[in-house]
Amino acid sequence: MPRETRARPTFLSGPSRLALLSFLLLAACEGRQSALVPGGEDARILGDLFWVMLAGAVVLWFGMNGLFYWATRRSPAAHSQRIANWLVILGGIAFPTVTLSALLVYGLSIMPDLRATGDGPVIRVTGEQWWWRVEYEREDGSTVTTANEIRLPAGVRSTFLLDSKEVIHSFWVPSLGGKMDMFPGRVNEMTLGPERPGIYRGQCAEFCGESHAWMAFEAEVMEPDAFEAWLEAEAAPAVTPASAEAARGAALFLSQGCGACHAVRGTPAVGRVGPDLTHVGSRHSLAAGRLGTSTEDFAKWVANPGAWKPGAEMPAYDHLTGEQIDAIAAYLEGLE
Amino acid sequence: MKQRTRTVLVTLAVLAGLGAAAGGATIAFGLYNVSARAGHLPPTYWALHTTYRNAVDLYSGHPETPAPDLDDPALIELGARHFETACAMCHAVPGRDRTATILGMNPVPPHITEAVGSWSPEELHWILYEGVKMSGMPQWPSQRGDDVWAGVAYLRAIQRGEVTPERQAELTALAENGGPEGAAWCASCHGGVARHVPRLDIFEADYIEAALLAYREGRRESGIMRHAASELSPDQLRALAEWFAEAEVPRDEPGEAPAHDPETLALGERLARAGSDDVPTCTACHGPGPRDLEGLGGEALQGDFPPLAGQDEAYLVTQLRLWRDGVRGGTEAYNLMRVAAQDLEEADIEALAAWYASLEPGRGGTVEAPDDASAPGDHDGPGPNPLRRPADH
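Put into structure tokens, the structure is as follows:
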């Protein structure tokens with residue numbers, strides 16, 4: 001016996017839920033991590049592909065629904081065998097063959113652009129749990145090591161050598177182009193051609209452990225001159241602490257063994273387990289996009305990294321006094 | 337047939353009830369005489385002892401920690417010295433009798449020359465580590481199974497008949513050294529035993545005290561040291577820590593210093609100084625090396641971080657394995673070292689221990705004395721060890 005279904009109470013009623021959903025979807029289109037707001041050649045090509053596919057899909061959707069409407073409401077009587085045959089031949093064989101072939105040709109035609117050889121800097125990016133080791137390979141054979149931030153010159157194609165330390169990660173800056181997986185023991189090569197200066201956001205796109213969601217980075221596209229100046233500065237050793245507190249922080253940094261895992265070039269700190277901190281104060285974020293770069297952010301991180309990034313390998317330094325942690329934070333924040 | 341079954345069941349039930357009542361009465365009214373003087377009936381002795389032997393046979397498989405070289409004289413001496421302080425009160429030693437009080441125990445602990453029997457090393461390890469219920473034989477007072485092997489090595493030497501009364505006296509001799517109470521006893525291993533134990537003169541007093549308290553309070557594992565630290569009061573431990581940090585305890589030279597090929601030493605040095613993507617640099621916390629930055633003021637190694645240059649190699653290998661395996665605890669910053677050591681390979685451990693052990697302790701360009709004492713830290717700790725920089729306390 002059919003029962004009258006009662007509308008279940010919901011968090012939002014139908015229309016307002018739809019509005020909220022569209023708002024959320026649209027919000028993702030803005031900002032610095034959107035494949036639909038291209039900042040470079042690759043993202044533009046992929047964006048065009050997306051819009052072409054979307055337009056085609058919309059046309060097909062209306063076409064199919066139109067046919068459905070016609071067949072069920074406008075002309076529901078049985079059709080002749082001849083019309084049915086032509087419908088199958090044209091709609092079932094000819095149309096998909098032509099459409100899919102065209103899409104294939106179009107898809108293949110954009111691949112050479114996406115796989116073009118790089119003519120800009122060569123950057124080795126290694127995925128770690130859960131941060132990014134970044135090494136710029138310079139023409140003179142030297143390497144400039146940094147972490148959790150990538151800066152690129154606009155107008156040239158940069159080459160990325162993607163590797164991973166222990167698990168599979170995926171390198172993705174949606175505003176600049178497609179993503180590529182990073183495998184332990186294998187170097188994947190990809191190139192990106194950024195065009196529009198700005199700060200974009202990258203994110204690990206392959207589940208890599210409990211803090212996968214906290215594994216992000218900034219990709220800053222700069223004018224070529226500014227990029228060269230930045231790389232030059234990045235290659236230089238760390239600045240000496242400017243204040244007495246920062247000097248005390250530097251001494252604590254060394255006496256507490258921070259240099260066992262972190263390098264600060266120009267000091268006895270030469271560790272390689274964790275991110276290079278030589279110019280950490282000039283980065284846009286701390287701990288792979290997890291925190292800002294204020295002194296308070298540094299202090300919060302040093303005192304208990306696991307609270308911000310569960311499972312992080314860096315141990316808590318909660319045995320230090322607040323004053324000691326503040327001094328270390330002042331030192332790190334000043335490493336520009 | 338039905339009637340017979342019922343009769344049998346009723347009889348059994350009545351008997352079971354009577355048995356339970358008898359058992360309950362034995363417990364409730366204390367009918368069983370627990371007097372040691374009363375002892376057991378001969379069949380009871382036989383049943384208990386046979387169960388013990390068969391249980392050891394059944395349960396002693398392969399210990400988790402593999403046996404080291406049990407003929408190592410240093411290991412035998414370490415075992416003998418621990419036995420003297422922890423076990424001889426019940427089992428005596430070759431050339432000495434059990435006391436009258438011990439002979440009054442029931443069962444009587446056998447003299448060690450009988451107790452060693454013909455047990456295999458694995459069986460001896462099991463007995464020492466697990467102990468024996470209701471016999472008075474305690475379990476090893478630590479989770480660690482590797483330091484049990486020192487005791488096994490000593491018991492094997494007794495089995496072989498090597499431990500004559502004269503040899504026993506040599507093995508456990510104490511030399512007065514003018515230190516506070518217990519110093520001669522501590523120094524008999526830390527200085528007397530050529531390998532397996534750390535030298536203490538390169539540590540800060542604070543570090544030694546923290547380690548001793550960690551043993552005493554169960555935060556650091558070792559059956560031998562937990563026993564030793566529990567024999568003394570915290571005040572005595574502090575006095576000993578201060579004395580050992582300053583004193584130059586004459587050390588027995590390691591008989592055969594293990595020779596290492598240059599590659600091993602080079603690997604050890606490279607790893608210690610530069611680290612790898614998995615292993616932090618050791619020198620950042622444990623020296624040796626410049627820690628004093630131009631213009632930054634230098635803060636020396638903290639008391640929490642022991643210097644390692646010139647430390648005993650076998651001790652370093654053991655401790656690094658314990659750190660790697662997550663067994664080692666200790667001072668308040670122990671969580672740092674656990675993470676630091678978690679990715680060490682066995683070859684890394686051997687190379688690091690070989691390199692650190694090969695260094696001149698505190699001299700010869702290793703841990704240099706500071707040129708100026710104007711470091712920002714306050715040096716209000718005990719007087720500086722001549723081998724060490726002052727700590728920042």
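Chains as they are written, first to last, in my numbering: chain A, 1 to 336; chain B, 337 to 729. For glycine and all other residues, C-beta sits at the position ideal for the given N, C-alpha and C.
- H427 (chain B) and A451 (chain B) do touch by the CB rule: their CB atoms are close to 6 Å apart, below 8 Å.
- For A677 (chain B), there is no enclosing beta strand (DSSP E); the enclosing alpha helix (DSSP H) has its first and last residue at 670–677.
- F298 (chain A) sits in a helix when the DSSP states are folded into three classes.
- Residue environment: P121 (chain A) is assigned as buried (16 or more neighbouring CB atoms within 10 Å of its CB, all protein chains considered).
- If you look at V346 (chain B), you'll find it in the alpha helix (DSSP H) that goes 338–364.
- Using a C-beta cut-off of 8 Å, the stretch 199–207 of chain A makes no contact with the stretch 57–65 of chain A, since fewer than three inter-stretch Cβ pairs fall below that distance.
- Listed along the chain, the chain B residues whose CB falls inside 8 Å of the CB of G259 (chain A) are T617, A620.
- Listed in chain order, the non-local C-beta contacts of E206 (chain A) below 7 Å within the same chain comprise I168, H169, S170, D181, local neighbours out to five positions each way being set aside.
- The C-beta distance from E557 (chain B) to G665 (chain B) rounds to 7 Å, short enough to fall under 8 Å.
- Leaving aside the five residues that flank G518 (chain B) on each side, the residues in its chain whose CB is nearer than 8 Å to its CB run, in chain order, E567, L568, Q572, L576.
- A242 (chain A) and G334 (chain A) have their C-alpha atoms spaced approximately 7 Å apart.
- In the structure shown, R186 (chain A) falls within a strand segment according to DSSP collapsed to helix, strand and coil.
- Q495 (chain B) carries a helical assignment under DSSP once its states are collapsed to helix, strand and coil.
- Distance between I150 (chain A) and A329 (chain A), taken at the CA atoms: about 23 Å.
- Under the DSSP assignment, H447 (chain B) falls outside any alpha helix (DSSP H); it carries neither an H nor an E label.
- Between the alpha carbons of E582 (chain B) and R535 (chain B) lies a distance of about 12 Å.
- Linking Q655 (chain B) to P477 (chain B) through their CA atoms gives a straight-line distance of about 18 Å.
- Going by DSSP, I685 (chain B) is part of no beta strand (DSSP E) but of the alpha helix (DSSP H) stretching over 682–694.
- CA-to-CA, the gap between R606 (chain B) and A246 (chain A) works out to about 30 Å.
- Close CB contacts of A565 (chain B) within its chain, under the 6 Å cut and outside five residues either way in sequence, are with L548, Y551, R552 (chain order).
- Cβ-Cβ distances below 7 Å link G487 (chain B) to G415, H418, F419, L464 in the same chain, with the five nearest sequence neighbours on each side left out; the list follows chain order.
- Taking the Cα positions, P224 (chain A) is about 56 Å away from D542 (chain B).
- Taking 8 Å as the cut-off, the Cβ atoms of P457 (chain B) and L406 (chain B) count as close.
- Think of a sphere of 7 Å around the beta carbon of R272 (chain A): the chain B residues whose beta carbon falls inside it are G611, S612, D613, in chain order.
- One thing to note: A116 (chain A) has its Cβ within 8 Å of the Cβ of R157 (chain A).
- Annotation note: the stretch 28–94 of chain A contains the following uninterrupted alpha helix (DSSP H) runs of length 4 or greater, listed N- to C-terminal: 41–69, 81–86.
- Looking from the CA of Q495 (chain B), the closest CA among B:V392, B:L460, B:V468, B:P516 belongs to B:L460.
- At a cut-off of 8 Å between C-beta atoms, P315 (chain A) counts as an interface residue with respect to chain B.
- In this structure, M222 (chain A) lies away from A299 (chain A), with their beta-carbon atoms at least 8 Å apart.
- Closest by C-alpha distance to P624 (chain B), out of B:P616, B:L658, B:P697, B:V663, is B:P697.
- At a C-beta separation below 8 Å, K309 (chain A) has no neighbours in chain B, since its nearest C-beta there lies roughly 14 Å away.
- If you keep only unbroken alpha helix (DSSP H) runs of at least 4 residues inside the stretch 256–319 of chain A, you get 295–303, 305–308.
- Contact annotation for A669 (chain B) against chain A: Q256, G257, P315, Y317, H319 [CB-CB distance below 9 Å, chain order].
- Around the C-beta of Y692 (chain B), 16 or more other C-beta atoms lie within 10 Å, and the residue is accordingly described as buried.
- Here P268 (chain A) really is in contact with L254 (chain A); their C-beta atoms are around 6 Å apart, less than 8 Å.
- By the Cβ-count criterion, W214 (chain A) is buried, with 16 or more other Cβ atoms from all chains shown falling within 10 Å of its own Cβ.
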